[in-house]
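*Asks:*
There are 2 protein chains.
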Amino acid sequence: MRCEVVAVGTELLLGQIVDTNSSWIGEQLALAGIDSHFQTKVGDNRARIVSAFRLALERSEAVIICGGLGPTQDDITRDALAEVMGVELVRDDAIADVIRQMFAARGRPMAENNLNQADVPVGASIIEQRRGTAPGLICPVMVPGPDGEPIEKVMYAVPGVPHEMQEMMERAVLPDLRLRSGEPATILSRTLRTWGDSESGLAERLAGRITELDERGNPTLAFLASGIEGLKVRITAKGPDEITTRELLAHEEGVLRTLLGDIVFGVDDETMEIAVASLLDARGLTLGLAESLTGGLLGARLTAAPGASAWFRGSVVSYASEVKFDLLGVPEGPVVSAAAAEAMALGARKVLGADVGLAVTGVAGPAEQDGQEPGTVFVGLAFEDTTETRELHLPGDRDRVRDFSTISALDLLRHRLLEQDAG
Amino acid sequence: MRCEVVAVGTELLLGQIVDTNSSWIGEQLALAGIDSHFQTKVGDNRARIVSAFRLALERSEAVIICGGLGPTQDDITRDALAEVMGVELVRDDAIADVIRQMFAARGRPMAENNLNQADVPVGASIIEQRRGTAPGLICPVMVPGPDGEPIEKVMYAVPGVPHEMQEMMERAVLPDLRLRSGEPATILSRTLRTWGDSESGLAERLAGRITELDERGNPTLAFLASGIEGLKVRITAKGPDEITTRELLAHEEGVLRTLLGDIVFGVDDETMEIAVASLLDARGLTLGLAESLTGGLLGARLTAAPGASAWFRGSVVSYASEVKFDLLGVPEGPVVSAAAAEAMALGARKVLGADVGLAVTGVAGPAEQDGQEPGTVFVGLAFEDTTETRELHLPGDRDRVRDFSTISALDLLRHRLLEQDAG
């Protein structure tokens with residue numbers, strides 16, 4: 001079964017509102033095992049809305065329509081539905097009463113146009129409104145099938161307000177769709193987050209496995225580039241029930257982890273800082289930072305989640321060179337250098353009273369510094385009786401250089417803590 | 001002129017990524033006075049991508065296509081463009097060389113499939129890649145016009161990575177579109193950014209002016225709530241040419257500034273940190289920070305723009321209480337207090353060798369600390385021979401408390417520097 005999404009509203013086309021509804025609906029459809037090949041945004045223009053609905057009905061068996069159900073002149077989804085169904089709109093007195101009662105209960109006067117929301121195309125069934133004033137609609141429509149015989153397709157109309165839409169989708173639309181699709185399967189997904197290889201490198205590591213899975217068709221893999229969040233590999237598995245599907249996912253995760261090794265730093269919502277935090281926490285180690293070009297980003301990320309006080313001591317953001325010399329004890333000289341990064345890490349560990357010192361210094365750009373190009377970054381790490389440094393040459397503008405420096409530093413620390421286990 | 005947007009990528013349909021690109025592009029088109037009636041999302045399927053391009057070309061004179069230009073098998077936008085144009089793809093050696101050089105400069109091995117990004121449909125012109133590896137494309141295409149005579153339409157292909165897309169749109173696509181559209185009216189907008197009043201308070205200050213403008217119809221005002229970026233008032237003006245339109249905007253800005261006073265901290269992209277930076281810079285003053293619950297956010301924001309080294313000395317992120325006592329000289333006692341904030345500001349100014357010390361300490365949550373509720377925050381400021389503190393009770397979760405603390409601290413400093421002028 002195929003189901004398209006049509007989001008209605010000129011404000012969406014003008015970029016005044018980002019259409020998060022279609023994304024949310026797309027995700028629900030995927031999890032329900034229903035294919036969705038197109039999503040369309042159309043403005044508040046009747047002819048264009050009608051053409052968008054008709055096109056979606058040609059290509060798919062079901063259409064979810066979001067928005068345009070409100071009381072104002074701009075809200076013409078109901079009229080367009082009636083036109084596509086070839087029927088009239090009729091005022092539903094029971095809905096009109098509910099709308100009047102809602103205003104009365106809130107002690108607010110009701111503008112007459114609110115009753116437009118009680119107009120229903122003949123033949124449509126109603127999805128009772130529980131949060132907003134407008135009910136949703138389930139509109140069956142007969143459409144010529146491939147052999148010319150008419151077949152029944154369906155349009156669902158839900159409000160554009162996200163929490164109203166989501167409640168109606170879960171209560172009425174998705175159950176109705178599942179019933180119509182006859183899809184018995186459970187679909188689940190899991191995302192492995194990686195850092196340290198390119199998209200093409202990742203594709204090469206997994207090429208053999210992808211070919212195997214392509215033949216089998218289940219589970220499937222998808223790559224997602226996520227900028228400074230690294231590259232993600234999403235596993236989607238389909239099974240007759242939840243337990244079997246979870247087993248499929250778990251098995252595939254095992255296979256991929258073997259192929260990818262320790263470039264996998266987390267699963268689903270686990271960020272790099274969460275990975276580092278849990279390694280430090282498990283080892284009872286405290287961390288002190290010395291930052292330069294990142295200006296505090298590294299500390300900000302590490303303290304984004306609660307519980308950081310167990311292992312985070314603080315950060316010396318030594319933006320001015322004299323602060324590096326005076327506060328961190330970096331020897332005078334070029335501050336964009338491996339030697340400076342090492343001294344900063346040692347200095348941070350000392351003045352912040354931490355077990356581990358992590359430092360980052362470099363050139364964010366746009367201008368060069370100490371004769372070094374923008375994107376030149378040194379990471380320093382002091383742990384136990386060793387220090388190590390990394391020289392990086394990072395692409396992109398100032399923001400990206402700072403972001404990449406941050407995650408690169410965290411990844412260096414992550415590997416060092418993992419090696420400690422291995423060693 | 002009409003221009004549609006087609007976003008390519010199965011991950012968009014599956015809801016793994018929210019399509020913010022189309023919204024951004026829609027906003028740019030509106031500002032350029034170009035109509036956009038439909039936006040479509042389509043997955044990585046060649047036949048469906050081709051049908052989406054063809055449909056958009058039937059309905060509109062131009063199509064902006066976003067995504068699917070990467071190196072992997074999923075990236076088939078180039079193939080689809082060539083099919084719609086009825087031409088071959090030819091490898092462009094110059095682009096291939098640039099891609100090879102990009103990998104070489106980063107010291108990373110290049111998988112051979114990266115060179116797919118150098119394939120160009122015959123007849124297309126190239127938008128040079130400056131941030132990512134894939135160039136953009138401008139693809140003219142002859143399409144039957146209303147009277148059967150062929151007319152030239154155009155497809156633009158840009159990468160799906162937002163910052164790469166935006167850079168190419170501004171540098172190449174929008175100028176080309178404006179040229180083709182020959183749009184005679186100039187539409188320009190300017191946004192005033194405010195901090196320190198509620199949305200309803202702002203609406204009251206501007207009520208009279210809004211009534212006046214509603215009658216006149218040009219310029220128009222819109223309010224935009226932007227969370228920690230404050231509330232924005234957007235002026236949109238339309239005129240026969242750029243000079244007249246700019247004069248309209250400037251006049252309206254003057255009227256609004258008189259009504260709003262010093263809650264206006266910036267215009268358009270001027271963030272609070274840029275406002276603070278320019279005040280410090282103009283006065284030749286240097287700043288040192290002491291942060292606790294913000295973990296480095298304040299420093300990170302202040303150093304986001306280049307040029308901070310002229311006035312930013314650094315930050316002591318004293319997350320652990322002992323770091324406050326030992327490094328900043330805060331007297332032992334409760335660290336979530338006005339006294340601690342004041343001592344931190346004085347300590348930061350001293351150890352970082354700055355003219356101004358700004359400090360923030362508080363409870364980000366979710367748990368309370370020192371008997372204080374989450375959201376309790378103290379800001380301290382040390383400047384010349386005075387210190388001042390502010391006690392804040394901020395709403396929201398951990399993220400919002402940290403963000404609001406940051407901007408509140410910056411706004412305190414901004415007012416103090418402005419008072420210095422007045423005094």
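Order-wise, the sequence lines are chains L and S.
1 is the number of the first residue of the first sequence in my numbering; add one for each residue after it.
1 is the number of the first residue of the second sequence in my numbering; add one for each residue after it.
In this text, a Cβ means the ideal position worked out from N, Cα and C, and glycines have one as well.
#1: Around the Cβ of Ile235 (chain S), are there at least 16 other Cβ atoms within 10 angstroms (buried) or fewer (exposed)?
#2: Which class does Gly266 (chain L) belong to by DSSP, given the choice of helix, strand or coil?
#3: Mind listing the chain L neighbours of Phe325 (chain S)? Cutoff is C-beta to C-beta under 7 Å, in chain order.
#4: Count the C-beta pairs between the segment 76-91 of chain L and the segment 153-170 of chain L that are closer than 8 Å, then say yes if the count reaches three, no if not.
#5: Excluding the 5 residues preceding and the 5 following Arg402 (chain L) in the sequence, name in chain order all residues of the same chain whose CB lies nearer than 8 Å to its CB.
#6: For chain S, find out if any of its Cβ atoms is closer than 8 Å to the Cβ of Asp74 (chain L); answer yes or no.
#7: Less than 8 Å between the C-beta atoms of Ala124 (chain S) and Cys139 (chain S), yes or no?
#8: Could you give the DSSP three-state label for Gly123 (chain L): helix, strand or coil?
#9: Beta-carbon of Pro395 (chain S) versus every beta-carbon of chain L: anything under 8 Å?
#10: Look at Thr389 (chain L) and Val377 (chain L) and say whether their C-beta atoms are less than 8 Å apart.
#11: Give the single residue among L:Lys232, L:Val8, L:Val276, L:Ala30 whose Cα lies nearest to the Cα of Ala409 (chain L).
#12: At which residues does the alpha helix (DSSP H) containing Ala345 (chain S) begin and terminate?
#13: Using a Cβ distance threshold of 8 Å, determine whether the segment 184-195 of chain S contacts the segment 55-75 of chain S, with at least three qualifying pairs required.
#14: Identify, in the order they occur along the chain, each residue of the same chain with its Cβ nearer than 6 Å to the Cβ of Ile95 (chain S), setting aside the five sequence neighbours on each side.
#15: Report the residues of the segment 189-209 of chain S with a CB closer than 8 Å to any CB of chain A, ordered along the chain.
#16: Which ranges would you report for the beta strand (DSSP E) in the segment 57-94 of chain L if only whole runs of at least 3 residues count?
#17: Under a CB-based cut-off of 8 Å, is Gly107 (chain L) close to chain S?
#18: Specify the secondary structure class of His251 (chain S) as computed by DSSP and reduced to three states.
#19: Is it buried or exposed for Val348 (chain L), if we count other Cβ within 10 angstroms and need 16 for buried?
#20: How would you list, in chain order, the residues of chain S whose beta-carbon sits under 9 Å from the beta-carbon of Thr211 (chain L)?
#21: Flag this pair as touching only if the segment 305-323 of chain S and the segment 302-312 of chain L have three or more C-beta atom pairs under 8 Å; answer yes or no.
#22: Count the other CB atoms, across all protein chains shown, that sit within 10 Å of the CB of Asp268 (chain S); report buried if there are 16 or more and exposed otherwise.
#23: Tell me which residue opens and which closes the beta strand (DSSP E) that Leu285 (chain L) is part of.
#24: Provide the residue(s) that pair with Ile235 (chain S) in DSSP beta bridges, ordered along the chain.
#25: Who are Ile151 (chain L)'s beta bridge partners in DSSP?
#26: Within a Cβ cutoff of 6 Å, which residues of the same chain sit near Gly266 (chain S), ignoring the five residues on either side of it in sequence?
#27: Output, in chain order, the set of chain L residues within a Cβ distance shorter than 7 Å of Val255 (chain S).
#28: Hey, Ala52 (chain L) and Val87 (chain L) are a contact pair by Cβ (cut 8 Å); roughly how many whole angstroms apart?
#29: Nearest to Gly288 (chain L) by CA position, among L:Pro219, L:Gly201, L:Ala359, is which residue?
#30: If you measure from the beta carbon of Asp19 (chain L) to each beta carbon in chain S, is any gap under 8 Å?
#31: Determine whether the Cβ of Glu273 (chain L) lies closer than 8 Å to any Cβ atom of chain S.
#32: Identify each residue in the segment 306-323 of chain L for which the Cβ-Cβ distance to at least one residue of chain S is less than 8 Å, and report them in chain order.
#33: For the structure I just gave you, are there three or more beta carbon pairs, one from the segment 98-114 of chain S and one from the segment 24-36 of chain S, closer than 8 Å?
#34: Assign Pro71 (chain S) to buried or exposed, taking buried as 16 or more other Cβ atoms, counted over all protein chains shown, within 10 Å of its Cβ.
#35: What first and last residue would you give for the beta strand (DSSP E) that runs through His393 (chain L)?
#36: For Pro392 (chain S) and Gly375 (chain S), what's the separation of their Cα atoms in angstroms?
*Replies:* Considering the structure as presented:
#1: buried
#2: strand
#3: Going along chain L, no residue has its Cβ under 7 Å from Phe325 (chain S), so there is no contact; the nearest lies around 11 Å.
#4: yes
#5: Leu293, Thr294, Gly295, Leu297, Ala364
#6: Interface annotation, Asp74 (chain L): not in contact with chain S, CB-CB separation never under 8 Å.
#7: yes
#8: coil
#9: no
#10: no
#11: L:Val276
#12: 338-351
#13: no
#14: If we look at Ile95 (chain S) and ignore the five residues flanking it on each side, its Cβ neighbours are Ala118, Pro135.
#15: Included in the structure are the protein chains L and S, with no chain A among them.
#16: Runs of the beta strand (DSSP E) inside the segment 57-94 of chain L: 62-66, 89-91.
#17: no
#18: Helix.
#19: The residue you asked about is not Val; residue 348 (chain L) is Ala in the sequence shown. By the 10 Å Cβ count, Ala348 (chain L) comes out buried.
#20: Within 9 Å Cβ-Cβ: nothing; Thr211 (chain L) doesn't reach chain S, min ~11 Å.
#21: yes
#22: exposed
#23: Per DSSP, Leu285 (chain L) belongs to no beta strand (DSSP E) and is neither H nor E.
#24: S:Arg190, S:Leu221
#25: In DSSP, Ile151 (chain L) forms a bridge with L:Val143.
#26: Arg193, Ala275
#27: Those do not exist, as Val255 (chain S) stays about 24 Å from chain L at its closest Cβ, beyond 7 Å.
#28: Contact flag wrong, Cβ pair sits at about 19 Å.
#29: L:Ala359
#30: At a cut-off of 8 Å between beta carbons, Asp19 (chain L) contacts chain S.
#31: So, not an interface residue.
#32: Answer in chain order: Pro306, Ala308, Ser309, Phe312, Arg313, Gly314, Ser315, Val316, Val317, Ser318, Tyr319, Ala320, Glu322, Val323.
#33: no
#34: buried
#35: 386-393
#36: The sequence given here has Leu at residue 392 (chain S), not Pro. Taking the straight line joining both Cα atoms gives about 7 Å.
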